[in-house]
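Here is the structure we will look at, set down as C-alpha cells.
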Amino acid sequence: MTFKLFVPRDAAAIACGADGVGEACASEAKRHGLEATIVRNGSRGMLWLEPLLEIEEAGVRYAFGPCDAKTAAEIIAQLAQGTSVSQISHALALGPTEQIPFFEKQTRLTFARCGLTDPVSLEAYRAHGGYQGLAKALAIEPAEIVEEVTKSGLRGRGGAGFPTGTKWKTVHDCDGDQKYIVCNADEGDSGTFADRMLMEGDPFCLIEGMTIAGLAVGATRGYIYLRSEYPHAAVALDEAIAAAKAGGYLGRNICGSTYDFELEVRIGAGAYVCGEETSLLESLEGKRGLVRAKPPLPAHEGLFGKPTVVNNVLSLGAVPFILAEGAQAYADYGMGRSRGTMPIQLAGNIKHGGLFETAFGITLGELVNDIGGGTATGRPLKAVQVGGPLGAYFPQEYFDTPFDYEAFAARDGLIGHAGIVVFDDTADMARQARFAFHFCAAESCGKCTPCRIGAVRGRETLDKVIAGDKVDANLELVEDLCNTMKFGSLCALGGFTPYPVMSALTHFPEDFGRKRTLPVAAE
Amino acid sequence: MPEGTDWSEAETRAIVARHEDREGPLLPILHDVQHAFGCVPEKAVPIIADALNLSRAEVHGVVTFYHDFHREPAGRHTLKVCRAEACQAMGCERLVETAEARLGVACGETSADRRVTLETVYCLGLCATAPAAMLDQRVVGRLDADKLDALLKEAFE
Ligand SMILES: Cc1cc2nc3c(=O)[nH]c(=O)nc-3n(C[C@H](O)[C@H](O)[C@H](O)COP(=O)(O)O)c2cc1C
Ligand code: SF4
Ligand code: FES
Numbered sequence: 003m004t005f006k007l008f009v010p011r012d013a014a015a016i017a018c019g020a021d022g023v024g025e026a027c028a029s030e031a032k033r034h035g036l037e038a039t040i041v042r043n044g045s046r047g048m049l050w051l052e053p054l055l056e057i058e059e060a061g062v063r064y065a066f067g068p069c070d071a072k073t074a075a076e077i078i079a080q081l082a083q084g085t086s087v088s089q090i091s092h093a094l095a096l097g098p099t100e101q102i103p104f105f106e107k108q109t110r111l112t113f114a115r116c117g118l119t120d121p122v123s124l125e126a127y128r129a130h131g132g133y134q135g136l137a138k139a140l141a142i143e144p145a146e147i148v149e150e151v152t153k154s155g156l157r158g159r160g161g162a163g164f165p166t167g168t169k170w171k172t173v174h175d176c177d178g179d180q181k182y183i184v185c186n187a188d189e190g191d192s193g194t195f196a197d198r199m200l201m202e203g204d205p206f207c208l209i210e211g212m213t214i215a216g217l218a219v220g221a222t223r224g225y226i227y228l229r230s231e232y233p234h235a236a237v238a239l240d241e242a243i244a245a246a247k248a249g250g251y252l253g254r255n256i257c258g259s260t261y262d263f264e265l266e267v268r269i270g271a272g273a274y275v276c277g278e279e280t281s282l283l284e285s286l287e288g289k290r291g292l293v294r295a296k297p298p299l300p301a302h303e304g305l306f307g308k309p310t311v312v313n314n315v316l317s318l319g320a321v322p323f324i325l326a327e328g329a330q331a332y333a334d335y336g337m338g339r340s341r342g343t344m345p346i347q348l349a350g351n352i353k354h355g356g357l358f359e360t361a362f363g364i365t366l367g368e369l370v371n372d373i374g375g376g377t378a379t380g381r382p383l384k385a386v387q388v389g390g391p392l393g394a395y396f397p398q399e400y401f402d403t404p405f406d407y408e409a410f411a412a413r414d415g416l417i418g419h420a421g422i423v424v425f426d427d428t429a430d431m432a433r434q435a436r437f438a439f440h441f442c443a444a445e446s447c448g449k450c451t452p453c454r455i456g457a458v459r460g461r462e463t464l465d466k467v468i469a470g471d472k473v474d475a476n477l478e479l480v481e482d483l484c485n486t487m488k489f490g491s492l493c494a495l496g497g498f499t500p501y502p503v504m505s506a507l508t509h510f511p512e513d514f515g516r517k518r519t520l521p522v523a524a525e
Numbered sequence: 021m022p023e024g025t026d027w028s029e030a031e032t033r034a035i036v037a038r039h040e041d042r043e044g045p046l047l048p049i050l051h052d053v054q055h056a057f058g059c060v061p062e063k064a065v066p067i068i069a070d071a072l073n074l075s076r077a078e079v080h081g082v083v084t085f086y087h088d089f090h091r092e093p094a095g096r097h098t099l100k101v102c103r104a105e106a107c108q109a110m111g112c113e114r115l116v117e118t119a120e121a122r123l124g125v126a127c128g129e130t131s132a133d134r135r136v137t138l139e140t141v142y143c144l145g146l147c148a149t150a151p152a153a154m155l156d157q158r159v160v161g162r163l164d165a166d167k168l169d170a171l172l173k174e175a176f177e
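Chains as they are written, first to last, in our numbering: chain A, 3 to 525; chain B, 21 to 177.
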C-alpha cells in the first residue's frame with residue numbers, strides 16, 4: 003500500500019522547517035522500504051502546529067505537529083512497523099486534522115480548498131470544485147455576474163470595505179477598448195498573511211476570481227501586484243498561471259468561449275504605501291508610488307488611464323464561491339452590512355496563531371481567548387491591534403466588540419484586512435504609539451505635508467513624552483498633530499496613523515505618564 | 021541578494037531589451053538589473069532612461085523611492101529582520117540589538133568585511149510564527165537567540 007503524506011509548502015511552514023520535514027519523510031520512507039507519496043500542500047492555517055505533517059488513512063487525514071526531521075522520522079518508523087495511522091502513539095499526534103477544534107469551528111468558504119491538495123495542480127483544483135464559478139459566469143451575461151456579486155454583499159477585504167459589486171458595475175458601465183483587473187497583493191499590514199496563504203495554498207482560486215472579474219467588466223488583462231517579501235507566493239502563482247494557460251483557462255478564448263484573459267504577476271519593491279490602490283497603479287506603470295488625488299477613481303481612470311478594477315486578493319478569492327454557490331449562499335453568513343465570511347488572522351503574542359475563517363459577528367474576545375488561547379507567553383494580555391499598523395489598539399474591555407465593519411468603527415477602530423496582533427503586559431503602549439508615527443514617517447510617499455512632516459514631529463514629540471519631558475503639553479501637541487493628520491492627509495497612511503496613536507493614549511494613559519481619567523470602557 | 025558583480029553595459033542592454041515591450045517595464049527592469057549586479061549602478065540609469073524615453077531624473081526618482089533598490093551593492097548576504105508589530109509583540113527588538121552588536125553595525129548597514137548587510141523589514145507575512153527574519157531568500161520563523169546565532173554563523177561562512 004502507498005501512504006499519502008502531506009507537508010505544507012506554505013512560507014510560514016517552511017520558515018519553521020517544513021522542507022526538512024519533507025526531506026526526512028522521503029528519506030525515512032525509503033529507508034524503511036515504505037511506498038509513500040509526499041504532497042507539498044498549502045497550510046491548513048493552524049500555524050502554531052507548523053510544520054504540520056498529515057498522513058491519510060481510509061480517506062481521513064491525521065495530523066502530527068509541530069514536527070521536525072527527528073519527530074517525523076519517529077512517526078514514519080511506527081508506520082513502517084505496521085501501526086495504523088490512527089493508532090500511532092506520539093506526543094505530537096493530534097488526531098484527525100479536521101476535528102482539531104480550531105479547524106472544526108471555522109466556516110471555510112474562501113479557504114475551503116487551501117491545504118487540501120497540491121496547490122498548483124489544476125487537476126486537483128478541478129476535482130475539489132474549482133472552476134465551477136467560472137463555468138457559471140460563462141453561462142450568464144456580464145451584467146448578471148456583477149449583479150450576483152452585488153447581491154452577495156461582498157465588501158472589499160483590503161481594508162476599506164467598499165462594496166465590490168458597485169466597483170465592478172462602474173467599470174462594467176465604462177466604455178473603453180482596454181480595461182484592467184488589478185489584484186492588490188501588496189499585503190503590507192503587520193499581522194496579516196491571508197493573501198499570502200491563499201496565493202501559496204490555492205492560487206487557482208485567485209486566478210479564477212480574477213478571470214470572472216474580467217468577464218464581468220469586459221477586461222482582457224489582469225495584473226497581480228505582489229509584494230517582494232513573498233517569493234514563495236510568486237513561485238506558486240507563476241506555476242498556477244502556467245498550468246491554467248496550458249489548460250485553456252487563461253489566454254485566448256478561455257474554455258472555448260469568445261473571451262480572452264491574460265494574467266501576469268508583477269513584483270513590488272518594498273514600499274508599504276504601494277498597497278494604496280492609486281500608488282499601486284503608479285508603481286505598476288513604472289513610476290514612484292505617489293498617491294493620486296481622487297477623483298478620478300481607478301474605476302474610471304485607472305491603470306494607464308483605463309477603467310480598472312482594483313481588488314484585494316481575498317475579495318477576488320471570494321468570487322468563485324459566490325458564482326458557484328450563488329450570492330445568497332454567501333450572504334446568508336454574517337451580520338448587519340458585513341456579509342459572508344472573513345479570513346481572520348491571529349498573530350503576534352498568541353498561543354494558537356493562524357488563519358481562522360468565520361462569518362462576521364464573532365466577538366474579539368472569542369477570537370483571541372477561545373480560539374487563540376490567549377497569549378503565547380502565558381502572561382496577562384494587555385492589548386490587541388486590529389487592522390494592521392493603521393488600526394486601533396483595543397484593551398480587553400472591548401473584547402465584546404463583534405467582528406463587523408460598523409461595530410469596529412463605532413469604537414474608533416477598524417477591521418482592515420482582519421489581522422489581530424496580540425500583546426502581553428510587557429508591551430509599552432507609548433512605544434507602540436511612537437512606532438506608529440515612525441512607521442508612517444518611514445513609509446510616507448511624501449506627497450502631503452501633514453503626513454510627511456506630521457509623522458516626524460509626532461515621533462519626536464512622543465520621544466519627549468517617553469523621556470518624561472513636559473508630558474501634558476507634549477501630549478496636547480500629539481493630539482493636535484493627530485487631528486491635522488486625520489483631516490489633512492490625502493490617503494489613509496497619514497489619515498489613519500492617528501488611530502493607533504490615539505487609541506493607545508486613550509486606553510493606556512498611564513504608559514504615557516498621564517493619569518487615567520475615565521474608566522476604560524467609557525465612551 | 022548576490023554579491024555585487026562588475027557592471028556590464030551589454031548585460032544592462034540585454035535586460036532592457038527583454039522587458040521594453042511590456043506595459044510598465046521599469047520595475048521589472050530594475051529588479052533584474054539589481055539581481056544581476058547586486059544594486060542599480062549609476063551607470064545603468066542613462067541606458068534605461070534612453071531606452072524607455074524617460075529622463076534620468078525620472079529613473080533616478082524611481083530607484084530612490086523604493087526600499088528594495090540599492091545604489092551600492094549590499095553585503096554578500098542580507099539578513100532582514102522583521103520589526104513590525106506582531107514581531108515586536110514577540111520580542112524582535114532584543115534580537116535586533118543582538119544582531120547589531122554581533123555585526124557591529126546598525127540596521128541598514130553592511131558589516132566592515134562586507135559579508136552581511138542587516139536590514140529592517142516591516143512584515144514578512146509570518147506574523148503567527150513571529151519573530152521572523154529572512155536570510156537572503158530563506159525565511160525563518162520563531163526566531164530566538166540560538167537561531168539568530170546560527171544564521172549569523174552561516175552568513176559569515
Ligand atoms: C497606505 C495604504 C496601504 C494599503 N495596503 C493595502 C494592501 O496591502 N492590500 C490591499 O488589498 N489594500 C490595501 N489598501 C487599500 C487599497 O487602497 C484599496 O482600498 C483596496 O485595494 C481595494 O480593494 P478591495 O475593495 O477589494 O478591498 C491600502 C490602503 C492604504 C491607504
Ligand atoms: S497621507 Fe502620506 S502616504 Fe498618503 S498621500 Fe499623503 S504623504 Fe502620501
Ligand atoms: S509582523 Fe513580523 S512577519 Fe508580520
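Just so it is clear, CB atoms sit at the ideal spot from N, CA and C, and this is done for glycine as well.
TODO: Sort out for me which residues DSSP pairs B:Glu179 with in a bridge.
DONE: No answer is possible for residue 179 of chain B: the residues shown for chain B start at 21 and end at 177.
Open item on the list: Taking beta-carbon pairs under 7 Å, can you tell me which members of the region 121–144 of chain B lie near chain A?
Closed with: For the region 121–144 of chain B, the set of positions with a beta-carbon nearer than 7 Å to some beta-carbon of chain A reads Val141, Tyr142, Cys143 and Leu144 in chain order.
Open item on the list: Under 8 Å: does the beta carbon of A:Glu445 sit that close to some heavy atom of ligand 3?
Closed with: no
Open item on the list: Is A:Ala273 close to chain B? Criterion is C-beta to C-beta, closer than 9 Å.
Closed with: For A:Ala273, the answer is yes, since a Cβ of chain B falls inside 9 Å of its Cβ.
TODO: With a threshold of 8 Å, establish whether the CB of A:Cys442 neighbours any heavy atom of ligand 2.
DONE: Using a cutoff of 8 Å, the CB of A:Cys442 counts as near ligand 2, since one of the ligand's heavy atoms is closer than that.
Open item on the list: Given this structure, state the Cα-to-Cα distance separating B:Met21 from B:Leu99, to the nearest angstrom.
Closed with: Note that B:Met21 scores a pLDDT of 42, beneath 50, so its modelled location is shaky; the value from the coordinates is reported in the next line. If I take the Cα positions, the gap works out to 10 Å.
TODO: Could you check what DSSP says for A:Tyr335 in three-state terms: helix, strand or coil?
DONE: In this structure, A:Tyr335 counts as coil in the three-state DSSP scheme.
- [ ] Could you list the residues in the region 38–69 of chain B with a C-beta less than 8 Å from some C-beta on chain A, going in chain order?
- [x] Glu43, Gly44, Pro45, Leu46, Leu47, Pro48, Leu50 and His51
Open item on the list: Whole angstroms are fine: how far does the CA of B:Ala175 sit from the CA of B:Arg122?
Closed with: 12 Å
- [ ] Could you spell out where the beta strand (DSSP E) holding A:Asp21 opens and where it closes?
- [x] For A:Asp21, there is no enclosing beta strand (DSSP E); the enclosing alpha helix (DSSP H) covers residues Ala20 to Arg33.
Task: Run of the alpha helix (DSSP H) containing A:Glu149, from where it starts to where it stops - done: Pro144 to Ser154
Task: Within chain A, partners of B:Gly161 - CB distance below 7 Å - done: Identification of chain A residues near B:Gly161 by a Cβ-Cβ cut-off of 7 Å yields Ala14, Ala17 and Cys18, ordered along the chain.
Task: Length of the line joining the Cα atoms of A:Val184 and B:Leu155 - done: Computed Cα separation, rounded: 30 Å.
Open item on the list: Am I right that B:Phe85 and A:Gly291 are in contact with their C-beta atoms under 8 Å? What's the rounded C-beta distance?
Closed with: 6 Å
Open item on the list: Among the candidates A:Glu399, A:Glu202, A:Arg128 and A:Ala326, whose CA atom is the shortest distance from the CA of A:Gly44?
Closed with: A:Glu202
Task: 9 Å Cβ cutoff, A:Arg198 in contact with chain B - done: yes
TODO: On the DSSP bridge assignment, give the partners of B:Val101 in chain order.
DONE: B:Thr140 and B:Ala153
Open item on the list: Taking its Cβ as the centre, do 16 or more other Cβ atoms sit within 10 Å of A:Met212, making it buried, or is it exposed?
Closed with: Burial of A:Met212 is indicated by the presence of at least 16 other C-beta atoms within 10 angstroms of its C-beta.
Task: Supposed contact pair B:Leu146 and A:Gln13 - C-beta distance, whole angstroms, cut 8 Å - done: Contrary to the premise, residue 13 of chain A reads as Ala rather than Gln in this sequence. Confirmed, about 7 Å.
Task: Pairwise C-alpha distance: B:Ala153 and B:Val159 - done: 6 Å
TODO: Measure from the C-beta of B:His178 to each C-beta in chain A and report whether the shortest distance is under 9 Å.
DONE: Absent from the model: residue 178 of chain B. The displayed extent of chain B is 21 to 177, so no value can be given.
Task: Cβ-based contacts, 9 Å cut-off: residues of the region 87–110 of chain B near chain D - done: As a matter of chain content, chain D is missing from the structure shown, whose protein chains are A and B.
Open item on the list: Any beta carbon from chain A within less than 9 Å of B:Leu171's own beta carbon?
Closed with: no
Task: Contact set between the region 220–251 of chain A and chain B, restricted to residues whose Cβ is under 9 Å from the partner - done: Arg223, Tyr225, Arg229, Ser230, Glu231, Tyr232, Pro233, His234 and Ala235
Open item on the list: Buried or exposed for A:Asn314, going by 16 or more other Cβ atoms inside 10 Å?
Closed with: buried
Open item on the list: Strictly below 8 Å CB to CB, what residues from chain A border B:Cys147?
Closed with: Ser192, Gly193, Thr194, Phe195, Gln347, Ala349, Gly350, Gly355, Gly421 and Val423
TODO: Between the Cα of A:Met504 and those of A:Gly470, A:Pro452 and A:Ala432, spot the shortest distance and give me the residue it belongs to.
DONE: A:Ala432
Open item on the list: Cutting at 7 Å between CB atoms, please list the residues of its own chain near A:Gln108, excluding the five before and the five after it.
Closed with: Phe358, Glu359 and Thr360
TODO: Return the residue from the list A:Cys447, A:Ala139, A:Glu462 and A:Gly61 that minimises the CA-CA distance to A:Ala295.
DONE: When only C-alpha atoms are compared, the closest one is A:Cys447.
Task: 7 Å CB neighbourhood of B:Val36 in its chain, flanking five on each side removed - done: Ile49, Ile67, Ile68 and Ala71
Open item on the list: What does the Cβ neighbour count give for B:Lys173, buried or exposed, with the cut at 16 atoms within 10 Å?
Closed with: exposed
Open item on the list: Is A:Ala494 a contact residue of ligand 2, with contact defined as CB to any heavy atom under 8 Å?
Closed with: yes
Open item on the list: Beta-carbon within less than 8 Å of A:Arg268's beta-carbon, same chain only, minus the 5 sequence neighbours each way: which residues are those?
Closed with: Apart from the 5 residues on each side of it in sequence, A:Arg268 sits with its Cβ closer than 8 Å to the Cβ of Tyr225, Ile226, Tyr227, Leu228 and Leu286 in its chain, given in chain order.
Task: Beta-carbon proximity list for A:Lys488, same chain, < 7 Å, skipping 5 on both sides - done: Gly497 and Pro500
- [ ] Closer than 9 Å, Cβ to Cβ, to anything on chain B: give me those residues from the region 290–319 of chain A, in chain order.
- [x] For the region 290–319 of chain A, which is checked against every Cβ of chain B, the residues closer than 9 Å are Arg290, Gly291, Leu292, Leu305 and Phe306.
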